[in-house]
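Visitor:
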DNA sequence: TTACTTTTAGTACCTAGTCATAAAATCGGA
DNA sequence: TCCGATTTTATGACTAGGTACTAAAAGTAA
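Protein chains in written order, with our numbering: chain A, 100 to 297; chain X, 100 to 297.
#1: Kindly indicate which three-state DSSP category residue 279(A) falls into: helix, strand or coil?
#2: Just to confirm, is the Cβ distance from residue 189(A) to residue 176(A) under 8 Å?
#3: Mind checking if residue 219(X) is an interface residue toward chain A, Cβ cutoff 8 Å exclusive?
#4: Expressed to the nearest angstrom, what Euclidean distance is found between the alpha-carbon atoms of residue 232(A) and residue 277(A)?
#5: Please report how far the alpha carbon of residue 208(X) lies from the alpha carbon of residue 265(A), in whole angstroms.
#6: Using CA coordinates, which residue listed in 141(A), 203(A), 237(A), 184(A) is at the minimum distance from residue 109(A)?
#7: Would residue 234(X) count as contacting chain A if we go by Cβ distances under 8 Å?
#8: Using a Cβ-Cβ distance cut-off of 8 Å, determine whether residue 156(A) contacts chain X.
#9: Between the beta-carbon of residue 262(X) and the beta-carbon of residue 251(X), is there less than 8 Å?
#10: Which runs of the beta strand (DSSP E) spanning at least 3 residues fall entirely within the stretch 209-280 of chain A, listed in chain order?
#11: Using C-beta distances below 6 Å, list every residue in its chain close to residue 102(X), excluding the 5 sequence neighbours before and after it, in chain order.
#12: I want to see whether chain A comes within less than 8 Å of residue 115(X), judged by CB atoms only; does it?
#13: What are the residues that DSSP puts in a beta bridge with residue 190(X)?
#14: Report yes if the C-beta distance between residue 279(A) and residue 230(A) is below 8 Å; otherwise report no.
#15: Who pairs with residue 181(A) in a beta bridge, going by DSSP?
#16: I need the straight-line Cα distance from residue 139(A) to residue 150(A), nearest angstrom please.
#17: Could you list which residues in chain A have their beta carbon closer than 9 Å to that of residue 265(X), in chain order?
#18: Along the stretch 225-253 of chain X, what residues have a CB closer than 8 Å to any CB found in chain A?
#19: Please confirm whether residue 51(X) has its beta-carbon closer than 8 Å to some beta-carbon of chain A.
#20: Mind listing the chain X neighbours of residue 211(A)? Cutoff is C-beta to C-beta under 9 Å, in chain order.
#21: Check whether the Cβ atoms of residue 283(X) and residue 216(X) lie closer than 8 Å to each other.
#22: Residue 245(X) and residue 212(X): beta carbons closer than 8 Å?
#23: Taking the Cβ atom as the reference point for each residue, do residue 234(A) and residue 185(A) lie within a distance shorter than 8 Å?
#24: In chain order, what residues of the same chain lie with their CB nearer than 8 Å to the CB of residue 127(X), ignoring the 5 residues before and after it?
#25: Does the separation of the CB atoms of residue 197(A) and residue 248(A) fall below 8 Å?
#26: Helix, strand or coil for residue 134(A)? Go by DSSP, reduced to three states.
#27: In whole angstroms, what separates the C-alpha of residue 119(X) from that of residue 210(X)?
#28: Do you know how far the Cα of residue 203(A) is from the Cα of residue 253(A)?
#29: Can the beta-carbon of residue 238(A) be found less than 8 Å from the beta-carbon of residue 227(X)?
#30: Can you tell me where the alpha helix (DSSP H) holding residue 107(A) begins and where it ends?
#31: Along chain X, which residues have their Cβ under 9 Å away from the Cβ of residue 215(A)?
#32: Secondary structure at residue 146(X), three-state DSSP: helix, strand or coil?
#33: Whole angstroms is fine: what's the gap from residue 182(A)'s alpha carbon to residue 157(X)'s?
#34: Does the beta carbon of residue 150(A) come closer than 8 Å to any beta carbon on chain X?
#35: Say whether chain A places a C-beta atom closer than 8 Å to the C-beta of residue 153(X).
#36: Let's test the definition: count the other Cβ atoms within 10 Å of the Cβ of residue 117(X) and tell me whether it reaches 16, buried, or not, exposed.
What follows is the structure, given as structure tokens:
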């Protein structure tokens, strides 16, 4: 059955959002209307043509790619970094990061921000978290901006680097953690458990 | 001065690699040759036309984005649960969960699996992680299946529930953590057959 | 000059559209 | 059921950024 205009336009938006590479012709076939109708729909919904959509997606990703490679894998945006000393990142808590019912941020996102910052601050080819002690000091809600501050504080006797990370919303401490990081270029060679290299 | 054919084609490749959004016309102007010459060059160098280049960039980034979205939600599948006692979940480590270079799983995914299992095992309206001590025992690689086992081990004097989570690949322990969970209804033991907190 | 490479020009055709106009089909209400 | 409005479809002219092909002009080396 052919849907109503409203319903078709709703589905059209959804379809294009899911697959921006779809042509008007394909959409026309999908909704059993003429190509002209699809074009009228796009006009009414202010959806740009295929090529413009593709260009937009490409431009975005190209801009992203220009960002430094190691920083790309960090959760949150690094705004300051002094290798092997300190680093700061910000992470905006959005709806997708919180429990639906309570709107409180899920712990692993705060952990991910802190952990990836601890990885980033270490100026080495390979950095992995060996151990961590973390404390969720207060709940973070959607809409809040979390500023994580990492500081390299020392080394364990086994040669691991210790990084302290404190995360704040405004002046308020919301998360704190101590990370023991394993790194590849340790001056002291220790018979650590099975490390994996490729 | 107009460069030799060889030199022009070398620069052409470089230019397009740096900016795939450049048209033949712009290139012709840049190298002071005709558009036809540029097209001949692309033909000889097997460089696709502008639209194909853009499409390629867009397709790549789109695939990445589709993979990145569920990354935020996937924290393992619960395969067994005994409320307020124990729970088991599995998590398949895929390419999107690992560091590209080393193919070692990023710590926050293992944490997320364990943490969300600790949340799930607590049979209450609200469960939040207050504190956690975790240990990454051995590195997990892409393709491996991580089985997390949570066990409620007791309570702190402040009334928090303590959950121990151990994660395995096969028989081998890869992650272990102790989670101190805050919960809303601490004394109440209602038979509320609630939904899973996502 | 001849022979060859390189460059330029021009044509027809393509896709996936744009914009504008007009006709046909469908729908809701009295 | 007819009327007017909305919605859909058709048509034509035009666009960018090409492909594919043919042909001629310009440059170069012997």
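Every residue gets a Cβ at the ideal spot worked out from N, C-alpha and C, and that includes glycine.
Computed from a prediction, not measured in an experiment: that's the story for all the values here.
Guide: Well, looking at it:
#1: strand
#2: yes
#3: no
#4: 5 Å
#5: 20 Å
#6: 141(A)
#7: yes
#8: yes
#9: yes
#10: 226-235, 244-254, 260-268
#11: none
#12: no
#13: 245(X)
#14: yes
#15: 185(A)
#16: 17 Å
#17: Those do not exist, as residue 265(X) stays about 15 Å from chain A at its closest Cβ, beyond 9 Å.
#18: 225, 227, 228, 229, 230, 231, 232, 233, 234, 235, 236, 237, 238, 240
#19: Beyond the ends of chain X as shown, which are 100 and 297, falls residue 51(X); an answer cannot be given.
#20: 205, 206, 207, 208, 210, 211
#21: no
#22: yes
#23: no
#24: 133, 134, 136, 137
#25: no
#26: helix
#27: 39 Å
#28: 33 Å
#29: yes
#30: 104-117
#31: 205, 206, 207
#32: coil
#33: 33 Å
#34: yes
#35: yes
#36: exposed
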